[in-house]
Amino acid sequence: MKPMIAPKVVVVMPAYNAGRTLKMTYEELPKDAVNLVILVDDGSTDTTLDIARDLGLEIFVHNRNYGYGANQKTCYAEALRAGADIVVMVHPDYQYDPTLVPAIIDPIVRGEADVVLGSRLKTGSALRQGMPWWKYVSNRFLSGVENRAFGLALSEYHTGYRAFRREVLETVNFQLNSDGFIFDQQIIAQVVAARFRIDEIAVPTRYFPEASSASLVDSSVYGLRILGLVARYALHRRGVRSRRFDSLRARYSRLPALLPSLK
Ligand SMILES: Nc1nc2c(ncn2[C@@H]2O[C@H](COP(=O)(O)OP(=O)(O)O)[C@@H](O)[C@H]2O)c(=O)[nH]1
Ligand SMILES: [Mg+2]
188 MKPMIAPKVV VVMPAYNAGR TLKMTYEELP KDAVNLVILV DDGSTDTTLD IARDLGLEIF
248 VHNRNYGYGA NQKTCYAEAL RAGADIVVMV HPDYQYDPTL VPAIIDPIVR GEADVVLGSR
308 LKTGSALRQG MPWWKYVSNR FLSGVENRAF GLALSEYHTG YRAFRREVLE TVNFQLNSDG
368 FIFDQQIIAQ VVAARFRIDE IAVPTRYFPE ASSASLVDSS VYGLRILGLV ARYALHRRGV
428 RSRRFDSLRA RYSRLPALLP SLK
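Our numbering applies: residue 188 is where the sequence shown begins, and numbers increase by one.
Structure below.
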């Protein structure tokens, strides 16, 4: 695929009570590499919205808290509507380094990838950088399971730092996904099912009190749901189709085949 000429890069920030970290995150975004920053507020009860307004962000507001997946649905729909060629999700909790936006979009700009993940486990220093050991172990284990199911060799799937080429978000049916955290894994399974190319870059790991709300129980439930998703994907590949993995493109392209029979 040809390299892109000056693509429109839209950063989306799914926010929920990110008042303490939003400004810091925004300030570190390299503005010359980003055309637009969209913030979707998912019913925050803190100062997130005031700060977002002060910063002059493009803001969309949910009337209550629907969840992290629901937030991403609005983020991607609005980024597409704004004409994005590349969409980068940057969590407003300062967990992922905003200065790496040019690096994470680079494989897409060069035409070599459709989705790029910012991996915290690519360099082997995640534990030293503060990732809790039980998150590290379960992340490694689940990433191994997902690699086998998807036929890939990625170092992790559980990062919130992701870049998408426009066509990916127009093709996979992400609106069908969960409103909760499992959205992140569902969209990757959809990307794999639609045969888009996934690449990864190494990003540092950051853990501090505001960086993560996931408890041990939350994470265990999340892990089990990932195993369920992987099993469902494997069934789909063996012919037990799931609508989730049917791309919108496939549905459209089946239409011409149907037309003659309508005559
Ligand atoms: N917890 C939570 N986070 C949300 C929601 N909507 C958007 N977010 C944002 O999603 C990001 C990820 O949430 P976080 O608790 O840090 O999860 P983790 O870092 O994956 O453990 C944060 O930047 C939140 O601001 C929501 O409904 N719940
Ligand atoms: Mg976080």
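From the three backbone atoms N, C-alpha and C, an ideal C-beta is built for every residue, glycine too.
It should be emphasised that the depicted structure is a prediction, and the values quoted were computed from it without experimental measurement.
Should residue i go down as buried or exposed, given a rule of 16 or more other Cβ atoms within 10 Å for buried?
{"i": "Asp237", "result": "exposed"}
{"i": "Asp405", "result": "exposed"}
{"i": "Lys260", "result": "buried"}
{"i": "Glu333", "result": "buried"}
{"i": "Ile369", "result": "buried"}
{"i": "Phe328", "result": "exposed"}
{"i": "Ser402", "result": "exposed"}
{"i": "Asn258", "result": "buried"}
{"i": "Lys322", "result": "buried"}
{"i": "Val417", "result": "buried"}
{"i": "Ala202", "result": "buried"}
Residue i to residue j, Cα distance in whole Å?
{"i": "Gln373", "j": "Glu299", "result": "23 Å"}
{"i": "Ala398", "j": "Gly256", "result": "17 Å"}
{"i": "Lys210", "j": "Ala380", "result": "37 Å"}
{"i": "Ser429", "j": "Arg207", "result": "40 Å"}
{"i": "Leu314", "j": "Met191", "result": "36 Å"}
{"i": "Ser231", "j": "Arg425", "result": "42 Å"}
{"i": "Ile388", "j": "Ala205", "result": "25 Å"}
{"i": "Thr234", "j": "Arg335", "result": "43 Å"}
{"i": "Asp433", "j": "Phe361", "result": "11 Å"}
{"i": "Ile413", "j": "Val359", "result": "18 Å"}
{"i": "Asn364", "j": "Gln377", "result": "10 Å"}
{"i": "Tyr420", "j": "Gly317", "result": "32 Å"}
Excluding five sequence neighbours on each side, which residues of the same chain lie with their C-beta closer than 6 Å to the C-beta of residue i?
{"i": "Val224", "result": "Val198 and Leu244"}
{"i": "Gly342", "result": "The residue asked about is misnamed: residue 342 is Ser in this sequence, not Gly. Within the same chain, Ser342 has close Cβ partners Ser306, Leu308 and Lys309."}
{"i": "Ile246", "result": "Leu226 and Ala239"}
{"i": "Arg384", "result": "Ala300 and Asp301"}
Apart from the five residues on each side of it in sequence, which residues of its chain come closer than 7 Å, Cβ to Cβ, to residue i?
{"i": "Ala266", "result": "Val197, Val199, Ile225 and Val274"}
{"i": "Val390", "result": "Tyr283, Asp284, Leu287, Gly305, Ser306, Arg307 and Tyr348"}
{"i": "Ile291", "result": "Val275, Val303, Gly305, Tyr348, Ala350 and Ile388"}
For residue i, list the residues DSSP reports as bridge partners.
{"i": "Arg349", "result": "Met276 and Leu304"}
{"i": "Leu223", "result": "Val197"}
With a CB to CB cut of under 8 Å and the five nearest residues on each side skipped, what residues in its chain are close to residue i?
{"i": "Val408", "result": "none"}
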